[in-house]
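The sequence shown begins at 1 in the UniProt record's numbering and counts up by one.
Report on the following structure.
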Amino acid sequence: MKFFTVSSSPPSLPSPPPRDVREVPSAPEAAVPTPMPSAVPVETLAALTPPPATRPRDSAFPSLNSKTVYHWTDSGTAQHLLYDEDRCLSSIASRRNLRIDVFSCLFNKSGNPIFAVWTYFKDIAKEKKCQSRWIEYNGNCYSVLQSWHTWYKAEDACAPAHAYLVTMHSDDDWRFLQKLITTRVVTKTAWSGGFRRKNEGKIQWSDATDDSYINRKPGYMDVEVRRVASVRDLDDGCLAIVCTSLTCRREEYDCNALKPYICMKPL
């Protein structure tokens, strides 16, 4: 008589054939630069915390001869050194133009500081100034060029300096340009950035800034633009500032006329 035995464990299944797996060499990792700490507003200084460690309560601050590294929230570092009672902690971040000082420390009997007031200040970067031979006015820099160019060539000549032909947006701008031309331009005339397309009634600025001032209705202070006889209706007209010993006018000329010009760019 034959007996069959029943196993309580399931029969083992055959192993699948090994896959043809080929290792692909990984590309070398690019070096990741260490992030520089950024300027931290006052409210985030609370995030400037020491590295996690178990330390006795009376050593919550560095001792008189120890160094403790604190961490910025953006993974940069700032080193804090304890000096004397008058200047407990001083920290200088590794980012340029940022310095953090700690002041007003109190000490307990053991000589360890128990309280400190934190503050920070951002060094004022060097005040922006116009380059040599550029004149500053109202947040812009102006350069007077005595060479004679067509309006188009003058606009191109301003471009390498990241500038455009000069624009005006107020009576103050207009008065400044009158003084600039009468004192700095030998011929007392210069191209501005204004132009008018063929058969269009509106003057535009080459830097695409607001043109409402130059297009105000005649009758306002010194606003009227006069088109000289040489500019035909079928031509583009370009705006020049023409001064005499008594007054200055804004006149529309043939854009291919040759004149000195004034470049302008933000400070």
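Cβ atoms here follow ideal geometry from the backbone N, Cα and C, with glycine treated the same way.
Whole angstroms are fine: how far does the CA of residue j sit from the CA of residue i?
i    : j    : result
R197 : T244 : 28 angstroms
Q204 : M168 : 11 angstroms
V102 : K128 : Because V102 carries a pLDDT of 43, less than 50, the predicted location of this residue cannot be relied on, and the following value inherits that uncertainty. Cα to Cα, the separation comes out at about 30 angstroms.
C130 : P266 : 9 angstroms
I181 : A208 : 23 angstroms
T189 : R175 : 14 angstroms
Y142 : Q178 : 13 angstroms
D211 : N138 : 18 angstroms
Q146 : N199 : 31 angstroms
P160 : T187 : 25 angstroms
Apart from the five residues on each side of it in sequence, which residues of its chain come closer than 7 angstroms, Cβ to Cβ, to residue i?
i    : result
Y152 : C255
L258 : W148, H149, T150
S170 : Y213
C158 : Y164, L165, C263
A240 : T189, A190, W191, S192, E251, Y253, K259
S206 : E155, Y164, L165, G193, F195
D173 : none
Need the endpoints of the alpha helix (DSSP H) that residue i sits in, please.
i    : result
T182 : 171-184
D236 : Taken as a continuous stretch (DSSP letters only), D236 belongs to no alpha helix (DSSP H), as it is neither H nor E.
C158 : 151-158
Over what stretch of residues does the beta strand (DSSP E) that includes residue i continue unbroken?
i    : result
E200 : Element bounds for E200: n/a, residue is neither H nor E.
K259 : 259-266
D254 : 248-254
I135 : 135-137
Report, in whole angstroms, the separation of the C-beta atoms of residue i and residue j, which I expect to be a contact under 8 angstroms.
i    : j    : result
G237 : I214 : No, G237 and I214 are not in contact; Cβ-Cβ is about 12 angstroms, not under 8 angstroms.
R184 : V144 : 4 angstroms
L165 : Y253 : In fact, because the Cβ distance is near 13 angstroms, the residues do not count as touching under 8 angstroms.
Ordered along the chain, which non-local residues of its own chain (more than five positions away) have a Cβ less than 8 angstroms from that of residue i?
i    : result
T54  : Note on T54: pLDDT 44, under 50, position unreliable in the model; no value is reported.
N140 : M264, K265, P266, L267
K202 : R196, D211, N215
When you measure from the CB of residue i to every non-hydrogen atom of the ligand ATP, does any distance come out below 7 angstroms?
i    : result
S143 : Within the structure as shown, the ligand ATP is missing, as the structure has no ligands at all.
Spatial neighbours of residue i within its chain, please: C-beta separation below 6 angstroms, excluding the five flanking residues on both sides.
i    : result
H162 : K265
The region 245-252 touching the region 129-148, judged by at least three CB pairs closer than 8 angstroms: no
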